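2 protein chains.
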Amino acid sequence: MSDNSKVMTEIRTLLGRKDWTGVRMLLRDAPPPDVADVLLALGKQERVLLFRLLPRSLASDAFSYLEPFKKDELLKDLSDEEARELLADLYPDDLAEFLEEMPGMATQRLLNLLDPDDRKDALNLLGYPEKSVGRLMTPYYVAVRPEWTVAQALDHIRERGRDSETIHVIHVVDARWRLLDTLSLRRFILAGPDDTVERIMDRSFVSITASEDRQEAVRLIQHYDLVTLPVVDSGGVLLGIVTVDDVLDVAQKEATEDIQLSAAVSPLKISYRDSGLWTLFSRRVGWLAALVLVNMASGGVIAYHEDLLTSSIALTFFIPLLIATGGNAGSQSATLMVRAMATGEVKPAQYTWAVGRELVVGLILGLALGLLSWMLGFYRGGVQMALVLFLAMASIVVVTNIIGAGLPFILYRLGMDPAVASSPLVTSVADVVGLIIYFFIASNLMGIPG
Amino acid sequence: MSDNSKVMTEIRTLLGRKDWTGVRMLLRDAPPPDVADVLLALGKQERVLLFRLLPRSLASDAFSYLEPFKKDELLKDLSDEEARELLADLYPDDLAEFLEEMPGMATQRLLNLLDPDDRKDALNLLGYPEKSVGRLMTPYYVAVRPEWTVAQALDHIRERGRDSETIHVIHVVDARWRLLDTLSLRRFILAGPDDTVERIMDRSFVSITASEDRQEAVRLIQHYDLVTLPVVDSGGVLLGIVTVDDVLDVAQKEATEDIQLSAAVSPLKISYRDSGLWTLFSRRVGWLAALVLVNMASGGVIAYHEDLLTSSIALTFFIPLLIATGGNAGSQSATLMVRAMATGEVKPAQYTWAVGRELVVGLILGLALGLLSWMLGFYRGGVQMALVLFLAMASIVVVTNIIGAGLPFILYRLGMDPAVASSPLVTSVADVVGLIIYFFIASNLMGIPG
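Now the structure itself:
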């Protein structure tokens, strides 16, 4: 604005005369940054008056040009309804930027003003990644100060309790809204009214940062048997809480997704019941088609050994037995490992321990199933066939078991979900590997070039 | 605890110096699960020493987080008097779970240590079938009478609250202890002290009977976002409560069991991490050996068609492709159905709807994969082979998809867990069925008697 002071005088005069229409006319076509300047130059009272006069879209545009602390100041002077309207009118990126600029406490208060949809959008834009704790948290909690008396705290709890999703757990924060402790409501009920909050604090609490994976929230709530889990930023400022009922939903959803992946179905995202035929088809066909290529490799291995098969067609009979058992063993170890990683029992760094153990288990399984195959081979094809089957079965089970156990770790290393190591994938890979091992052993022992 | 290993070093030093007060101070405010971790990490001798140093309530809380065999080990090292004290301090549901995990004789020995009342509680809880709600409930809840004033009720809550696992939810019962309502503690805090309890009742509550499956408790708590769920007998008399943290554990355990079954692993019962090699072997070998018999049937089908194969060895190349794809499609539909049944989305009575839908999905999948196979067959073996492959693949996918979708319902009808319809089982059955279909189509189209 070329001449702010002149406009300012004019506006002050108009406001003094309560000439609302005049002010509106004067500012209607002014650029938002200039309106912001005018707002900044006015006293607190006049500022609110003027702000209320602005057309809604201009108000929100001008607002986004204010300094963060001015925004906060202005918002405090507006009624909740006005603030809500204003925030809803902001462009999402302005809103996110604004929320980001605010200290944790103010962000919290503002998030409370938004309706659930807008809040979800705002949290999205605040940059919490999908499946992070930040996406899961709610701002409806009760916080008290350590220097308050229990009676004061209970008054505050009664007041705030009407809006809060849960008052089972009371949060103690300092002046900068940093989390100091979490206390059960029960402690307040059982304490004397004149005790200070500080006196009943034990300073033992569990919290999580907003950027962590939501599975970690599940683990913490489950491990510590919590009802709510406080979420803090990197500076320890309380941002919100995660409640156990949300975590139960997350745990169920994650289990469903892992189970679907375990059968090479891309997670349906919605329930099976509500999934349309097209969804069911499209979530399945990709994996099936991709695995056809792996299965073609199995066919290739057989084709390569055509001469071996024609000279001893009996070898064909045992193909399904060997490759299916290898696939089954691999599915077992892959599934055990994927679930153990999902529940946190096995950490990605423990791969040598885990794969080493599966090597031993695979050896015992290979021996047991090898002996069984030896008997079947002896019965169906004599001594030599029995030996081929024993060696093939034992080696195949050991190798496929290791593939199944190791694949989830390899996928994790590649930045993928270990659950992609599905039974169909492991089975199809085990087919190829199993055929190669089988024909290698058969051609060597039977003296027929493969 | 952020850094267990640091605490551990510190504790070892303190124990070495026999600085009992230091250890007590260090652990006094630590969360019980972390104390359990510390106990686990110590050697036997140090463990007993440390355990004896813990305040009684912390000792019993930490004890309930130990693995079953560690509990047994620790108890053996305690004197009878110490063991008696410890068991008396356990929450009844934790006690019941512990007793259940022990072999029969040991249970008896421990029951003898309990005083008559505690023994009665434990036996009561043990009287409910495994996986029933009764096993999950705790009798530590707070109940008030409708004719009491809110002030009276709060006094009672303060009094009883010291013993109760949770006072978040207050139960209103009549003179015969029949459940009339559940009210959140918050309502009492917010109500006037002279109101009667009756006045703040809404007579809207959710309860469950003790004999129901614990999965139903999971569903109710999840559906209604409850913190606790009251358990009643058939006459509506309040028996105990189930808390959401127990339910979260149940949900995770059931998901893990289903996932393990989905790969034909008999549920491990304890965590993968703590399962010994023998457990891992024995939980897997049974299914693998049983499936060998099914796989032998596949070999039998191939042997039966020996002439067909010798006259057209190219047919062999496509065996892995066809049977593996059939197995994969069957695994997918079986896994989707088992999970949908476990979460209650699909009821056992809805089998016509579910299988009908999978028939349609199977037809679309069969068509898509059939066309893909047609191309592969044309490229590798000409027009006739392409036709055989198209027909075989399409029919196999349709049939195996139906088998996978239907098997869970059949198992349920037979009184078995639908999750027994594992990927390996479905895959192995699909192999046999796939081979029969393939050779039937090939022999008819190619004019070679099968």
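Going down the list, the protein sequences come from chains A and B.
To convert, note that position 287 of the first sequence is 287 in our numbering; the numbers rise steadily by one, no gaps.
To convert, note that position 231 of the second sequence is 1231 in our numbering; the numbers rise steadily by one, no gaps.
Virtual Cβ for every residue (Gly too), placed ideally from N, Cα, C.
Predicted, not measured: the structure shown is a model, and the values here were computed from it.
Under 7 Å Cβ-Cβ, which residues of chain B neighbour proline 424 of chain A?
In the first sequence, counting from the first residue as 1, residue 424 of chain A sits at position 424. Those are Asn1328 and Ser1331, listed as they occur along chain B.
Could you please give the first and the last residue of the uninterrupted alpha helix (DSSP H) stretch that includes aspartate 181 of chain A?
Numbered from 1 along the first sequence, position 181 holds the residue referred to as residue 181 of chain A. Note, aspartate 181 of chain A: premise wrong, no alpha helix (DSSP H); beta strand (DSSP E) at 179–184.
Do you know how far the Cα of alanine 297 of chain A is from the Cα of tyrosine 304 of chain A?
Within the first sequence, residue 304 of chain A is the residue found at index 304, counting from 1. Within the first sequence, residue 297 of chain A is the residue found at index 297, counting from 1. If I take the Cα positions, the gap works out to 10 Å.
Which of the three DSSP states, helix, strand or coil, is assigned to isoleucine 1200 of chain B?
Position 200 of the second sequence holds residue 1200 of chain B. Reduced to three states, the DSSP call for isoleucine 1200 of chain B is helix.
Determine, using beta carbons only, whether arginine 1012 of chain B comes closer than 9 Å to chain A.
For the purposes of this step, residue 1012 of chain B is taken as the residue at position 12 of the second sequence. No, arginine 1012 of chain B lies away from the interface with chain A (no Cβ there is under 9 Å from its Cβ).
CB contact below 9 Å: leucine 277 of chain A versus chain B
Position 277 of the first sequence holds residue 277 of chain A. It does: the Cβ of leucine 277 of chain A has a partner Cβ on chain B nearer than 9 Å.
Tell me the rounded alpha-carbon separation between threonine 343 of chain A and serine 1271 of chain B.
Mapped onto the first sequence, residue 343 of chain A falls at position 343. Mapped onto the second sequence, residue 1271 of chain B falls at position 271. Roughly 10 Å between the two C-alpha positions.
Could you please tell me which residues of the region 291–313 of chain A, in chain order, have their CB closer than 9 Å to any CB of chain B?
Leu291, Val292, Val294, Asn295, Met296, Ala297, Ser298, Gly299, Gly300, Val301, Ile302, Ala303, Glu306, Leu309, Thr310 and Ile313
So valine 301 of chain A packs on leucine 435 of chain A, CB below 8 Å; how close in whole Å?
For the purposes of this step, residue 301 of chain A is identified with residue 301 of the first sequence, where counting begins at 1. For the purposes of this step, residue 435 of chain A is identified with residue 435 of the first sequence, where counting begins at 1. Rounded, the Cβ-Cβ distance is 4 Å, consistent with contact.
Can you tell me whether valine 433 of chain A is helix, strand or coil according to DSSP?
For this step, residue 433 of chain A is matched to residue 433 along the first sequence. Of the three classes helix, strand and coil, the one that applies to valine 433 of chain A here is helix, per DSSP.
With a threshold of 7 Å on Cβ separation, who are the neighbours of leucine 1053 of chain B within its own chain once the five nearest residues in sequence on each side are excluded?
To locate residue 1053 of chain B, count along the second sequence from 1; it is residue 53. Within the same chain, leucine 1053 of chain B has close Cβ partners Trp1020, Val1023 and Arg1024.
Consult DSSP for glycine 404 of chain A and reduce its assignment to one of helix, strand or coil.
In the first sequence, counting from the first residue as 1, residue 404 of chain A sits at position 404. Helix, per DSSP.
Rounded distance between the beta-carbons of valine 244 of chain A and isoleucine 259 of chain A, thought under 8 Å:
Looking up residue 259 of chain A in the first sequence gives position 259. Looking up residue 244 of chain A in the first sequence gives position 244. Not really, about 22 Å apart at Cβ, beyond 8 Å.
Note down the Cα distance separating aspartate 3 of chain A from valine 206 of chain A, rounded to an integer number of angstroms.
Start at 1 with the first residue of the first sequence, and residue 3 of chain A comes out as number 3. Start at 1 with the first residue of the first sequence, and residue 206 of chain A comes out as number 206. With a pLDDT of 49 at aspartate 3 of chain A, under the threshold of 50, the modelled position of this residue cannot be trusted; read the value that follows with caution. Approximately 56 Å between the Cα atoms of the pair.
Quick check: threonine 1180 of chain B and valine 1169 of chain B, are their CB atoms within less than 9 Å of each other?
The residue labelled residue 1180 of chain B in the question sits at position 180 within the second sequence. The residue labelled residue 1169 of chain B in the question sits at position 169 within the second sequence. Contrary to the premise, residue 1180 of chain B reads as leucine rather than threonine in this sequence. No, these two residues do not count as a Cβ contact at 9 Å.
With a cut-off of 9 Å, does the C-beta of serine 2 of chain A fall near any C-beta of chain B?
In the first sequence, the residue the question calls residue 2 of chain A occupies position 2. Only weak support is given to the placement of serine 2 of chain A: the predicted model assigns it a pLDDT of 43, under 50, and the value that follows is read from those uncertain coordinates. It does not: the Cβ of serine 2 of chain A has no partner Cβ on chain B nearer than 9 Å.
Output needed for leucine 369 of chain A: all residues of its chain with C-beta closer than 7 Å, excluding positions within five of it in sequence on either side, in chain order.
Sequence index remark: in the first sequence, residue 369 of chain A carries index 369 (1-based). So the qualifying residues of the chain are Thr325, Met393 and Val397.
Which residues in the same chain have their Cβ closer than 6 Å to the Cβ of proline 348 of chain A, if we skip the five residues on either side of it in sequence?
As a position in the first sequence, residue 348 of chain A is number 348, starting the count at 1. Once the five neighbours on either side are set aside, the close Cβ partners of proline 348 of chain A are Tyr412.
Among B:Arg1176, B:Met1137 and B:Thr1196, the one whose alpha carbon lies nearest that of threonine 1209 of chain B:
As a position in the second sequence, residue 1209 of chain B is number 209, starting the count at 1. Among B:Arg1176, B:Met1137 and B:Thr1196, the Cα nearest to that of threonine 1209 of chain B belongs to B:Met1137.
My guess is that alanine 405 of chain A and alanine 314 of chain A are in contact by the Cβ rule of under 8 Å, so how many angstroms apart are they, rounded?
Counting from 1 along the first sequence, the entry for residue 405 of chain A is found at position 405. Counting from 1 along the first sequence, the entry for residue 314 of chain A is found at position 314. Going by Cβ atoms, the distance from alanine 405 of chain A to alanine 314 of chain A rounds to 33 Å, so no, they are not a contact pair.
Please decide whether arginine 199 of chain A counts as near chain B, where near means a Cβ-Cβ distance under 9 Å.
Numbered from its first residue, the first sequence carries residue 199 of chain A at position 199. Answer no: the Cβ-Cβ gap between arginine 199 of chain A and chain B never drops below 9 Å.
Nearest to arginine 145 of chain A by CA position, among A:Asp77, A:Arg199 and A:Trp353, is which residue?
Your numbering for residue 145 of chain A matches position 145 in the first sequence. The candidate whose alpha carbon is nearest that of arginine 145 of chain A is A:Arg199.
What does the alpha-carbon distance come out to for the pair valine 38 of chain A and arginine 28 of chain A?
Taking the first sequence and counting its residues from 1, the one referred to as residue 38 of chain A is at position 38. Taking the first sequence and counting its residues from 1, the one referred to as residue 28 of chain A is at position 28. Taking the straight line joining both Cα atoms gives about 13 Å.
Which stretch, first to last residue, makes up the beta strand (DSSP E) that contains histidine 171 of chain A?
Within the first sequence, residue 171 of chain A is the residue found at index 171, counting from 1. Per DSSP, histidine 171 of chain A belongs to the beta strand (DSSP E) from 169–173.
From asparagine 1401 of chain B to valine 1429 of chain B, what does the alpha carbon distance come to, in whole angstroms?
Position 401 of the second sequence, counted from the start, is the residue given in the question as residue 1401 of chain B. Position 429 of the second sequence, counted from the start, is the residue given in the question as residue 1429 of chain B. Cα-Cα distance, rounded: 11 Å.
From B:Val1142, B:Ser1132, B:Tyr1091 and B:Tyr1128, residue whose alpha carbon lies closest to that of aspartate 1117 of chain B
Locating residue 1117 of chain B in the second sequence gives position 117, where the first residue counts as 1. Checking every option, the nearest Cα to that of aspartate 1117 of chain B belongs to B:Tyr1091.
Could you tell me which residues DSSP puts in a beta bridge with serine 1132 of chain B?
Residue numbering aside, residue 1132 of chain B sits at position 132 when the second sequence is read from its first letter. In the DSSP output, where bridge partners are listed per residue, serine 1132 of chain B has B:Asp1213.
From what residue to what residue does the beta strand (DSSP E) around threonine 1343 of chain B run?
Within the second sequence, residue 1343 of chain B is the residue found at index 343, counting from 1. First-last for threonine 1343 of chain B: undefined, no H or E at that position.
Indicate whether at least one CB of chain A lies closer than 9 Å to the CB of isoleucine 1170 of chain B.
The count along the second sequence starts at 1 and reaches residue 1170 of chain B at position 170. No - not a single Cβ of chain A is within 9 Å of the one on isoleucine 1170 of chain B.
Over what stretch of residues does the beta strand (DSSP E) that includes valine 1242 of chain B continue unbroken?
Sequence index remark: in the second sequence, residue 1242 of chain B carries index 242 (1-based). Counting along the chain, the beta strand (DSSP E) containing valine 1242 of chain B begins and ends at 1238–1243.
Show which residues of chain B have a CB atom less than 9 Å away from the CB atom of tyrosine 272 of chain A.
Locating residue 272 of chain A in the first sequence gives position 272, counting from the first residue. Result: Leu1336, Met1337, Arg1339, Ala1340, Thr1343, Glu1345, Val1346 and Ala1354.
Using beta-carbon positions only, say whether phenylalanine 317 of chain A and glycine 1299 of chain B come within less than 9 Å of one another.
To locate residue 317 of chain A, count along the first sequence from 1; it is residue 317. To locate residue 1299 of chain B, count along the second sequence from 1; it is residue 299. Yes, they are a contact pair.
Residue-level contact to chain A via CB, valine 1361 of chain B, 9 Å cutoff
Within the second sequence, residue 1361 of chain B is the residue found at index 361, counting from 1. Yes, because at least one Cβ of chain A sits closer than 9 Å to the Cβ of valine 1361 of chain B.
Could you pull out every residue in the same chain whose Cβ sits closer than 8 Å to the Cβ of alanine 1263 of chain B, ignoring the five residues on either side in sequence?
Mapped onto the second sequence, residue 1263 of chain B falls at position 263. Closer than 8 Å at the Cβ level, and outside the excluded window around alanine 1263 of chain B, lie Ser1422, Ser1423 and Pro1424.
Going by the beta-carbon positions, is the gap between threonine 228 of chain A and threonine 182 of chain A smaller than 9 Å?
Stepping through the first sequence from its first residue, residue 228 of chain A is reached at position 228. Stepping through the first sequence from its first residue, residue 182 of chain A is reached at position 182. For threonine 228 of chain A and threonine 182 of chain A, yes; Cβs fall inside 9 Å.
For isoleucine 1265 of chain B, go through chain A and note every residue whose CB falls closer than 8 Å to its CB, in chain order.
Counting from one through the second sequence, the residue named residue 1265 of chain B turns up at place 265. For the record, residue 1265 of chain B in the displayed sequence is valine; it is not isoleucine. Result: Gln332, Thr335 and Leu336.
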